[in-house]
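Asker: Dropping the structure in here first, questions after.
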Amino acid sequence: MLVQKIFPTSFQNLGIKSLLSNDSITAFFKKFCTAVISRMWKFKRGKNSRYEEQDFLKVFFLSELLGRSIHETSELLNAYLLSKRRGRPKIFMDGRRKRQIPHQTEVNKYLRKIGLKKAQNILRECLDEQLLEALDRGLISKKVNVLIDFTEHPYFGKRDDAMIKGTNRQKGTKKMRHYLGFSILSRGTHLYVGLKQVATGQSKIPIILKTLTHLLDLGFKLGKVMMDREFYRAELLDRIKGMGGEVIVPAKKYKKIKQYLVDYFKGTHGRVRKYTFSSKLGAECRYSQHVYVIIKAKNQFTLQGVKRAYRAGKISLDDARKRLFLIMTTEKPRGKTSSWTSRTALFYRRRWLIETGFSDLNRINRRWRSNCDNVRYLDMLVRLLLYNSWKMNKKMLQKTNRKEGRKIAWTLNRNQDVLLNYLLPH
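In the numbering used here, the protein residues as written are 180 to 605.
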């Protein structure tokens, strides 16, 4: 088998085989099918239907593993099953053989019957299973850092509703679907924990708070919650702080924040300033949160170097500002100020893991162009599950490598090949 060629016997004995074994991937697929079928009780099969619900889902699941369209996957799987079947196949008058697996049109028809709300519940159930499995295996701890960011997928149809937004950042179209993604980082393992399609004008705060609350209900504790400038809200910072998490977010350069930079260049204040972040005066509910603004130089510069160049008149104030960035956090400074600011700024760079993760999700399969939100959401669902599978397997290998003193590069493509090998053995 392929797994015996990749892993030494000692690796398999340490738990790698159980993660990649036929029983494991079959159970993984069965959990996915159970989550879907349990919410399809209104779906009635025709009396003359030859296919079970698992047959439709098998084609869909394999299309993600293969990185091919549903049509190609259906034909490939049908040919595979015909080659494995004993006896003489039934041949119709036009020369076609009796199919063993549903065609593309039937699979798409089945997927469209799964509503968006059901798809979101299926995603939640499947991701929870993976999170708890990772916790049981010791791949992550109960205290997790949460990463939050947006991803957008181009839309090429003619729809014009709240679920389709405008954009100028996609080639060939001015429309997109907007998704709000959530992931965790714990013990060096990055796993996705949620995904939500956001409509035009929909508030993101309830979505974020609901996801964080769900993590707490699962038994996790919040560490640092890292977000981008789109989530610059005093209410959000205050509520997350109340949940036990510490927020790190880029600081927008308001007038008072800009003055902090001038004060630092003049030497009247240090690189860390306390700032009260509050809601607008006209807001129905006023929120305020004390944060600490950190001044940090960009990669190719040093903080003291920028300060000296500005004082010497070599660069203007605008040029000096462009060489620096500011982040703010609800966490109080600990220990030496210079080391604390460096640690906080370096840790915030890990927020890019969720963005590189979105790029990896796009590599798993080709971008679908379906007009149905629920079908596109189901596509993203399986990609998230496969991404988490890759990260969990990679972590297991790293733990084994420390004991064996070996290094094995476990790529996303390699993980896909092994899963496919066990689902469709040669």
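Note that beta-carbon positions come from the ideal geometry of N, C-alpha and C, so glycine has one too.
Excluding five sequence neighbours on each side, which residues of the same chain lie with their C-beta closer than 6 Å to the C-beta of Y466?
Answerer: Closer than 6 Å at Cβ, skipping near neighbours: A413, E414, D417, S458.
Asker: How about D578 and T368: are their beta carbons less than 7 Å apart?
Answerer: In the sequence as displayed, the identity of residue 578 is Lys instead of Asp. The answer is no: Cβ separation not under 7 Å.
Asker: I'd like the list of long-range same chain contacts for V470, defined as Cβ closer than 6 Å, with 5 residues on each side in sequence excluded.
Answerer: Hits under 6 Å: Y454, F456, M507, T509.
Asker: For F444, I'd like the list of residues in its chain whose CB is within less than 8 Å of its CB, leaving aside the five on either flank, ordered along the chain.
Answerer: Closer than 8 Å at Cβ, skipping near neighbours: K486, Y489, R490, L496, A499.
Asker: Within 10 angstroms of its Cβ, does K511 collect 16 or more other Cβ (buried), or is it exposed?
Answerer: With fewer than 16 Cβ atoms within 10 Å of its Cβ, K511 is classed as exposed.
Asker: Note the first and the last residue of the continuous alpha helix (DSSP H) segment covering F240.
Answerer: Counting along the chain, the alpha helix (DSSP H) containing F240 begins and ends at 232–245.
Asker: Kindly indicate which residue of Q479, T520, C464 has the alpha-carbon position closest to the one of K501.
Answerer: For K501, the nearest C-alpha among the options comes from Q479.
Asker: Counting only the same chain and skipping the five closest in sequence on each side, list residues whose C-beta sits under 6 Å from that of A341.
Answerer: So the qualifying residues of the chain are A378, T379.
Asker: Applying the 10 Å Cβ sphere with the 16-neighbour rule, what's the burial state of C305?
Answerer: Buried, by the Cβ-count rule.
Asker: What are the residues that DSSP puts in a beta bridge with G345?
Answerer: DSSP lists K354 as partners of G345.
Asker: Would you list the one or two residues that DSSP bridges to H329?
Answerer: Strictly speaking, residue 329 in this sequence is Phe, with His absent from that position. Per DSSP, L359.
Asker: Ignoring anything shorter than 4 residues, give me the alpha helix (DSSP H) runs that lie fully in the stretch 490–564, in order along the chain.
Answerer: Here the runs fully enclosed are 496–501, 516–527, 531–543.
Asker: Measuring CB to CB, does K260 end up less than 7 Å from T252?
Answerer: Just to set this straight, residue 260 is Leu in the shown sequence, not Lys. For L260 and T252, no; Cβs fall outside 7 Å.
Asker: Of the choices V561, K344, N592, K515, whose alpha-carbon is the least far from that of R303?
Answerer: When each option's Cα is compared against that of R303, the closest is V561.
Asker: For A476, which of helix, strand or coil comes out of DSSP?
Answerer: Residue state, collapsed to three classes: strand.
Asker: DSSP beta-bridge partners for V470?
Answerer: DSSP, once it has assigned bridges, lists Y454 as partnering V470.
Asker: When DSSP labels each residue in this structure, what does M405 get in the three-state scheme?
Answerer: Reduced to three states, the DSSP call for M405 is strand.
Asker: May I have the straight-line CA-CA distance separating M405 from L364, to the nearest angstrom?
Answerer: So the two alpha carbons sit approximately 10 Å from each other.
Asker: Buried or exposed: where does G536 fall if 16 or more other Cβ atoms within 10 Å of its Cβ makes it buried?
Answerer: The residue in question, G536, is buried, as its Cβ has 16 or more Cβ neighbours within 10 Å.
Asker: Between E232 and I216, what straight-line distance do the alpha-carbon atoms span, to the nearest angstrom?
Answerer: Their Cα atoms are separated by approximately 7 Å.
Asker: Give the DSSP-derived three-state secondary structure of Y439 in the structure shown.
Answerer: In this structure, Y439 counts as helix in the three-state DSSP scheme.
Asker: Alpha carbon to alpha carbon, how far is F329 from S568? Give it in angstroms, no decimals.
Answerer: If I take the Cα positions, the gap works out to 22 Å.
Asker: For I533, does the count of other Cβ atoms within 10 angstroms reach 16, so buried, or fall short, so exposed?
Answerer: Buried, by the Cβ-count rule.
Asker: Please tell me whether K353 and Y334 are closer than 7 Å, where the distance is taken between their beta carbons.
Answerer: Against a cut-off of 7 Å, the Cβ pair of Y334 and K353 comes out as no contact.
Asker: State the CB to CB distance for the pair F211 and L236, rounded to an integer number of angstroms; the pair is presumed to be in contact (CB under 8 Å).
Answerer: Right, the Cβ-Cβ distance comes to about 7 Å (below 8 Å), so this counts as a contact.
Asker: State the CB to CB distance for the pair M422 and L395, rounded to an integer number of angstroms; the pair is presumed to be in contact (CB under 8 Å).
Answerer: Contact flag correct, Cβ pair sits at about 7 Å.
Asker: Under three-state DSSP, which class holds I149?
Answerer: Nothing in the structure corresponds to residue 149, since the chain is present only between 180 and 605.
Asker: In its own chain, which residues sit with a C-beta less than 7 Å from the C-beta of I384, not counting the 5 before and 5 after it?
Answerer: Contacts found: R412, E414, L415.
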